[in-house]
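Q: Under the working numbering, think of the first position of the sequence shown as 73, with each following residue one higher.
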Amino acid sequence: MSDEAPSHPGRPGPEGAAAPATGGPASEDLMERVVGLCKRRGFIFQSAEIYGGFRSTYDYGPLGVNLLRNVKNAWWEAMVQRRTDVVGLDAAILSPPAVWQASGHLANFTDPLVDCRACHQRWRQDKIGGVCPNCGSTEFTEARAFNLMFKTHAGPLEDEGAVAYLRPETAQGMFVNFVNVLQTTRKKPPFGIAQVGKSFRNEITPQNFVFRTREFEQMEMEYFVPPAEAQHWFEYWLAERFNWYLGLGIPADKLRLRHHDPDELSHYSAGTADVEFLFPWGWDELEGIANRTDFDLKAHAAASGEKLDYFDPTTNERYTPYVIEPAAGATRTMMAFLLAAYDEDEVGGEPRTVLRIHPRLAPYQVAVLPLSKKDSLEPLSRRVLELLQPHLMVDYDVTQGIGKRYRRQDEIGTPWCVTIDFDSLEDGGVTVRDRDSTEQVRVPVDGLLDELRGRLDAR
């Protein structure tokens, strides 16, 4: 029986159990299907699309903005809210050249740029393997350093005295505020400063949808530790960050931890490892965890003339802390969750697209679905909506048959649908449908919030 027709005149009909997943589409098709889903359902749009689009920039639609916010909130909850040793910061995006001179970005934040002699396309030399991705030529110009920082001017005059830069990372704002945070919070090492915000890099070859773009969001934390404890905390944060992705539903076989070889390390790093995800094009970075040593604090202290160290009154010791930095990309992390969650199966003999995304990340946790548009169901449906909205992100949908609405909610990842039917007017109950199993249970309205909270906590 189609799930668009109720088997009982007052209630939504059973769908039958979902057929076992077949593993989803092949890797070569997965990216195309997820990108199509993102536009079709309102996750991500090409920026300025009505003007032909602006390369490497994207706008996050009604579902995308919810998903991205949930990813950032989940990170913030794990890194700040549930800890007593980490505090937050929101530093400025614009910075003077002195910050980036001291940090080494003006001298070292470069990629090797080459031009294809055949088609004249420009590429990062280290990403193309000696073959032009556009035309297949192996003839290139000599590599030259290309600085990735966006340069602008602050104020009315565009002269060297007004030069400013859009930050290429959020980290430096935390380093230059180290003493401010130390003094105002009375923290002592080991402690961290966390930040979520926009960064900008003038990438030579933006690619793979929102994975590598010129404007993106980062989730970074600088954890300041006594130098002798740096290795311990480096290993601690490797485990913490790897397990965060597992806990939010990314399968273990889609994740790995890769330590950098010595010739890969940044100029400030004594050790770096990446949490990598198996994207359709292969393994690539989600997050880097680095032992930045005391490089940044000492560099800014030398350039500014200010002391950026810590005095320990219990040992009478003054030292410059080492820094362990977990740095994740919010936008590419969101993309990984989408790719890991995308699935195709069958329900009642009909094909279904479903996002099996963790309920805490889903754009909507619940959809409230009146079985009919008839006015008699609206007061109770609105009551259910108002009951849930203060606690959960809720969609309200009255368009099309109930079966089509279930499919729409499955496709955007909504874990639970609550259907108000004509029996609800008599027995005060509603039907709760599970996205993954399609099982339906009857729950009294007065116990609905506790039921949904319990399901959410169980995940």
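Glycine is no exception: its CB is placed at the ideal position from the N, C-alpha and C atoms.
1. State yes or no: is the C-beta of I265 within less than 8 Å of the C-beta of E294?
2. Just to confirm, is the Cβ distance from I435 to I484 under 8 Å?
3. Which residue or residues does DSSP assign as beta-bridge partners of P270?
4. Go through its chain and collect everything with a Cβ distance to D131's Cβ below 6 Å, but skip five positions before and after it.
5. When we look at the beta-carbon of A530 and count the other beta-carbons within 10 Å, is it buried (16 or more) or exposed?
6. Is I361 helix, strand or coil when you go by DSSP?
7. Cβ of L433 within 8 Å of Cβ of A146?
8. Can you tell which of S341, A324 and G500 has its C-alpha closest to the C-alpha of H331?
9. For a test of the three-state rule: what should DSSP assign to P442, helix, strand or coil?
10. Can you grab the Cα-Cα spacing for the pair D101 / E397, in whole Å?
11. When you compare the CB positions of R194 and S209, do they come within less than 8 Å of one another, or not?
12. Pull up the distance between the alpha-carbon of P78 and that of P86, whole angstroms please.
13. Does E450 come out as helix, strand or coil in the three-state DSSP assignment?
14. What does the alpha-carbon distance come out to for the pair C489 and D522?
15. With DSSP as the reference, identify every bridge partner of S376, one or two as the case may be.
16. Hey, would you say L410 sits closer than 8 Å to V106, going by beta carbons?
17. If you draw a straight line from the alpha carbon of Y317 to that of M406, how long is it in whole angstroms?
18. Should the stretch 352 to 364 be regarded as contacting the stretch 374 to 393, the criterion being three or more beta carbon pairs within less than 8 Å?
19. State the DSSP-derived secondary structure class of A77, mapped to helix, strand or coil.
20. Do the stretch 232 to 245 and the stretch 258 to 273 touch if we need at least three Cβ pairs shorter than 8 Å?
21. Are F349 and K370 touching if we call contact CB-CB under 8 Å?
22. Closest by CA to E312, which one among R155, D415, R141 and G125?
23. A324: buried (16+ other C-beta within 10 angstroms of its C-beta) or exposed?
A: This is what the structure holds:
1. yes
2. For the record, residue 435 in the displayed sequence is Pro; it is not Ile. In contact: P435 and I484 (Cβ atoms closer than 8 Å).
3. The sequence as given places Lys at residue 270; Pro does not occur at that position. Listed as beta-bridge partners of K270 by DSSP are E289.
4. F117 and S119
5. Exposed, because fewer than 16 other Cβ atoms sit within 10 Å of the Cβ of A530.
6. strand
7. In this structure, L433 sits near A146, with a CB-CB distance shorter than 8 Å.
8. S341
9. strand
10. 35 Å
11. no
12. In this prediction, P78 scores a pLDDT of 41, lower than 50, which makes its location untrustworthy; the coordinate-derived value is nonetheless stated afterwards. C-alpha of P78 to C-alpha of P86: approximately 8 Å in a straight line.
13. helix
14. 15 Å
15. According to DSSP, S376 bridges with nothing at all.
16. Contact flag set, yes.
17. 11 Å
18. no
19. Here the model assigns A77 a pLDDT of 39, short of 50, so the residue's position is not dependable, and the following value carries that caveat. Secondary structure of A77 (DSSP, three-state): coil.
20. With the cut-off at 8 Å, the stretch 232 to 245 and the stretch 258 to 273 touch.
21. no
22. R155
23. Exposed, since its Cβ has fewer than 16 Cβ neighbours within 10 Å.
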